[in-house]
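Inspection log for the structure reproduced underneath, given as structure tokens.
Number of protein chains: 2
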Amino acid sequence: MGKVFVFGHKNPDTDSISSAISYAYLKQQLGMNAEAVRLGDVTNETAYALEYFGFEAPRLIEKAAPEVAKVILVDHNEKQQSVDDIDDVQVIEVVDHHRIANFETNDPLYYRAEPVGCTATILNKLYKENGVEIPKNIAGLMLSALISDSLLFKSPTYTDQDRAAVEELIAITGVNAQEYGLAMLKAGADLSGKTLEDLVKLDAKEFGINEVKIEIAQVNAIDINDVMNRQADLEDLLYRVIAEKGLDLFLFVVTDILNNDSIVLALGKEAGRASEAFNVTLVNNTATLKGVVSRKMQIVPVLTEALK
Amino acid sequence: MGKVFVFGHKNPDTDSISSAISYAYLKQQLGMNAEAVRLGDVTNETAYALEYFGFEAPRLIEKAAPEVAKVILVDHNEKQQSVDDIDDVQVIEVVDHHRIANFETNDPLYYRAEPVGCTATILNKLYKENGVEIPKNIAGLMLSALISDSLLFKSPTYTDQDRAAVEELIAITGVNAQEYGLAMLKAGADLSGKTLEDLVKLDAKEFGINEVKIEIAQVNAIDINDVMNRQADLEDLLYRVIAEKGLDLFLFVVTDILNNDSIVLALGKEAGRASEAFNVTLVNNTATLKGVVSRKMQIVPVLTEALK
Chain A
1 MGKVFVFGHK NPDTDSISSA ISYAYLKQQL GMNAEAVRLG DVTNETAYAL
51 EYFGFEAPRL IEKAAPEVAK VILVDHNEKQ QSVDDIDDVQ VIEVVDHHRI
101 ANFETNDPLY YRAEPVGCTA TILNKLYKEN GVEIPKNIAG LMLSALISDS
151 LLFKSPTYTD QDRAAVEELI AITGVNAQEY GLAMLKAGAD LSGKTLEDLV
201 KLDAKEFGIN EVKIEIAQVN AIDINDVMNR QADLEDLLYR VIAEKGLDLF
251 LFVVTDILNN DSIVLALGKE AGRASEAFNV TLVNNTATLK GVVSRKMQIV
301 PVLTEALK
Chain B
1 MGKVFVFGHK NPDTDSISSA ISYAYLKQQL GMNAEAVRLG DVTNETAYAL
51 EYFGFEAPRL IEKAAPEVAK VILVDHNEKQ QSVDDIDDVQ VIEVVDHHRI
101 ANFETNDPLY YRAEPVGCTA TILNKLYKEN GVEIPKNIAG LMLSALISDS
151 LLFKSPTYTD QDRAAVEELI AITGVNAQEY GLAMLKAGAD LSGKTLEDLV
201 KLDAKEFGIN EVKIEIAQVN AIDINDVMNR QADLEDLLYR VIAEKGLDLF
251 LFVVTDILNN DSIVLALGKE AGRASEAFNV TLVNNTATLK GVVSRKMQIV
301 PVLTEALK
């Protein structure tokens, strides 16, 4: 078998980068010529984790087919979140923790999804099932992914299985997870030096829900006003994105990582239905979503149900 | 959690029935109120296996939603192969060994697919991963599924992982797999007392490949002529099915389980493209497919590639 690319979703977060590196390493130990690559810029948060544990960022690719025939997806499966030429390569494996949608194969494959808070939790099992020891620095990356996806173990997506993985990974790395985790999240929430264009692209995902085209961008912040005091310019920018991509709805979600609430800015022709879905009234296009920190568990399913 | 149904595909084969029973039992041991059910009549082959190992056939259901909110799919994922009201229930788990297509969820789920020859091979792992011992009679059903899907260990779908599962299951059950397996396959290939309507429905699956609507029925036989000497009446029947379902192609595949070849009867407006795909000339609408015994590995991917 030729080389196989392993990558997470576009606008990669810490789980996508960490899982690409961690799973590529496991597959290499099992004899596969696997290379971790990425589909976008690494965030400040991810850069902090990579540097702390002594990794370079994986290589950025624009297309897969010119270099490989087969790929492995981690931390995503939906086509629009994957590499642009995904239809020109064969997906031989998926390791993921999201819903399954807009995904189809010609051939049987290895697909491992579990309803847990982080891909790293599943990878921790796969290392054990395959009898491969997790190196200390890879365990650090996997722990970083768990901290990131759980907002330091506080998100409702954080399950008992994630907790068990965290305990095992802490035992391997020996880091103080609370101290390291807060520093990592703060590095990610440091929005100084970020343009509005950066913020909109940082962690944005597209979804198609019953013919409704939606993009949801999420930004973590220490102080929500760092973002919201630029609302007018932000709206100009989002309306341009909506027009260019033909979106029906753009949700820009700013999450307060210390208090675990979010502010949503909802634009587009389905903004009304979105506010109804969350049972909030939009004031100046915005509303507070109390206790909402998880796009996957607290936003996408609510919208899906409402748009049925 | 209320009761959860566990079922395989419509026109259930031995793997679908066996896996529903085997996985429901495992989930019960793990505390779930799981019930194995079925979406169609059991075949003579499956009936032989059930009786040999002391099981009743699972209960037949037409719909799931009137009784349960959540279901687990085994041995399939494509919507058109599942229960009619699949959109009205939540799929919380899938254990399968087929391609993924026409499948979508609102929420994260447990999805375990592996490119192996039989669902039973994956279930054998799941029992071990969960530390649950496989009872002797369940091991017998799982072994029956492996014999069925591999045509007594001869199909190209039969992998090293299937072989490993077979060895473990034989050790638990203590049956002579060759002797038992041949008797079971012969029970399934005994077509006496079967009407043509029975044969067409016995193991038929629908596929949508790039807007082309296809049904592929497969029948195992000891003597192919038992079926093919009724070709004229069979064609009358298939043309009626094609018209009623609006199919573009019907492939009726008769597999010689002793010699491991198949005869295909191809009808419908895409019959020409199908014969090109297999590089054969249809004579009287039929052709021999040398060495072809697996719909999943030797028929569906070839058609998919040809219909791109």
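In the order they appear, the protein sequences are chains A and B. According to UniProt numbering, numbering within the first sequence proceeds without interruption in unit steps and concludes at 308. According to UniProt numbering, numbering within the second sequence proceeds without interruption in unit steps and concludes at 308. In this text, a Cβ means the ideal position worked out from N, Cα and C, and glycines have one as well. Note that the structure is predicted; figures quoted are calculated from it, not measured.
Own chain partners of residue i with C-beta closer than 8 Å, once the 5 adjacent residues on each side are dropped
i	result
residue 132 of chain B	26, 29, 30
residue 305 of chain A	277
residue 67 of chain B	3, 5, 61
residue 84 of chain B	62, 63
residue 32 of chain A	1, 4
Reduced DSSP secondary structure (H/G/I, E/B, other) of residue i
i	result
residue 3 of chain A	coil
residue 111 of chain A	strand
residue 208 of chain B	strand
residue 157 of chain B	coil
residue 262 of chain A	strand
residue 273 of chain A	helix
residue 166 of chain A	helix
residue 51 of chain A	helix
residue 220 of chain A	strand
residue 187 of chain A	helix
residue 243 of chain B	helix
residue 288 of chain B	strand
residue 305 of chain B	helix
residue 172 of chain A	helix
residue 283 of chain A	strand
residue 235 of chain A	helix
residue 227 of chain B	helix
residue 61 of chain A	coil
residue 249 of chain A	strand
Cβ-heavy atom distance, residue i to the ligand HEM, below 8 Å
i	result
residue 87 of chain A	This structure simply doesn't include the ligand HEM, nor any ligand for that matter.
Residue-chain proximity (residue i, chain A), Cβ-Cβ < 9 Å
i	result
residue 110 of chain B	yes
residue 278 of chain B	no
residue 300 of chain B	yes
residue 46 of chain B	no
residue 100 of chain B	yes
residue 156 of chain B	no
residue 116 of chain B	yes
residue 51 of chain B	no
residue 168 of chain B	no
Below-9 Å beta-carbon distance, residue i vs any chain B residue
i	result
residue 11 of chain A	no
residue 56 of chain A	no
residue 76 of chain A	no
residue 297 of chain A	yes
residue 219 of chain A	no
residue 134 of chain A	no
residue 107 of chain A	yes
residue 103 of chain A	yes
residue 62 of chain A	no
residue 119 of chain A	no
residue 113 of chain A	yes
residue 315 of chain A	Any question about residue 315 of chain A goes unanswered here, given that chain A covers just 1 to 308.
residue 305 of chain A	yes
Other residues of its chain near residue i: CB distance less than 6 Å, five sequence neighbours each side excluded
i	result
residue 54 of chain A	137
residue 48 of chain A	184, 187
residue 254 of chain B	219, 221, 224, 227, 263
residue 161 of chain A	116, 121
residue 110 of chain A	93
residue 206 of chain B	80, 215
residue 16 of chain A	8, 9, 75
residue 307 of chain B	209, 210, 212
Residue i vs residue j beta-carbon contact at 9 Å
i	j	result
residue 89 of chain A	residue 113 of chain A	no
residue 202 of chain A	residue 11 of chain A	yes
residue 249 of chain A	residue 211 of chain A	no
residue 286 of chain B	residue 303 of chain B	no
residue 8 of chain B	residue 50 of chain B	no
residue 18 of chain A	residue 142 of chain A	yes
residue 252 of chain B	residue 200 of chain B	yes
residue 147 of chain A	residue 174 of chain A	no
residue 23 of chain A	residue 169 of chain A	no
residue 157 of chain B	residue 296 of chain B	yes
residue 130 of chain A	residue 100 of chain A	no
residue 149 of chain B	residue 14 of chain B	yes
7 Å CB neighbourhood of residue i in its chain, flanking five on each side removed
i	result
residue 159 of chain B	116, 117
residue 293 of chain A	151, 155, 255, 260, 262
residue 44 of chain B	187, 188, 190
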